[in-house]
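Written out below as structure tokens is the structure these notes cover.
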Amino acid sequence: MSMGDDWLARPSSDAPVCMCEFDEGEVRGCRERCLNRSMRFECAVESCPCGDRCSNRQLQQGTTLKTAGIDCGLKGVEIIALEYIAEGRLVGEYVGELLGRREAQLRSKVEKWSVRGQERCGLFANRCVRAGDEITFDYNLVSAETEVWRCAYMQLLLA
């Protein structure tokens, strides 16, 4: 659960510890074969064998991508990329906002990850995104039908 910028989380001792070994010749540890990564669990820096060189902490570290929000009046807010985004790169973290269905499906995907025992949802690029491309679009529609769709869609994503 989020309290402003602070996360209420279980102690890091509850987080699963991977079996990765850090090779001094590598820049980053915990690559594609990391057991935690394959189960969508982020490592805790203090218990990970790779320590601060662990690459499996993207939601904890956040993103530095350049994006902009554009007010589109009655349609809501459009988020556009201000730089190239590689496929699979963390775009942002889903914390409860309603995403436009079309854009969410075409350009981004929501993945549920466990971070120090806390479930968090990241928004990842579904394909390469050029600077200036729309990432998400909130049409600002509020109706009973929209609410039903939102609940059903999020249940599907988080299943």
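The opening position of the sequence shown corresponds to residue 1320 in our numbering, with each subsequent residue numbered one higher.
The beta carbon of each residue, even a glycine, is placed where N, CA and C say it ideally should be.
Check: Segments of 4+ residues assigned as alpha helix (DSSP H) that fall wholly inside the region 1370 to 1447; Outcome: 1377 to 1380 and 1420 to 1426
Check: Touch test, the region 1440 to 1451 against the region 1399 to 1407, Cβ-Cβ under 8 Å, three pairs minimum; Outcome: yes
Check: Cα-Cα separation, V1336 to G1451; Outcome: 39 Å
Check: Beta carbon of E1351 nearer than 8 Å to that of L1378; Outcome: no
Check: Residue environment, S1357, which counts as buried when at least 16 other CB atoms sit within 10 Å; Outcome: exposed
Check: Beta-bridge pairing of E1345 - partner residues as DSSP gives them; Outcome: Looking at the DSSP assignment, E1345 forms no beta bridge with any residue, so it has no partner.
Check: Among R1435, E1365, E1412 and Q1437, the one whose alpha carbon lies nearest that of V1429; Outcome: E1412
Check: Opening and closing residue of the alpha helix (DSSP H) in which R1449 lies; Outcome: Premise fails: R1449 is in no alpha helix (DSSP H) and is neither H nor E.
Check: Other residues of its chain near I1389: CB distance less than 6 Å, five sequence neighbours each side excluded; Outcome: E1397
Check: Which residues DSSP lists as bridging E1361, in chain order; Outcome: V1434
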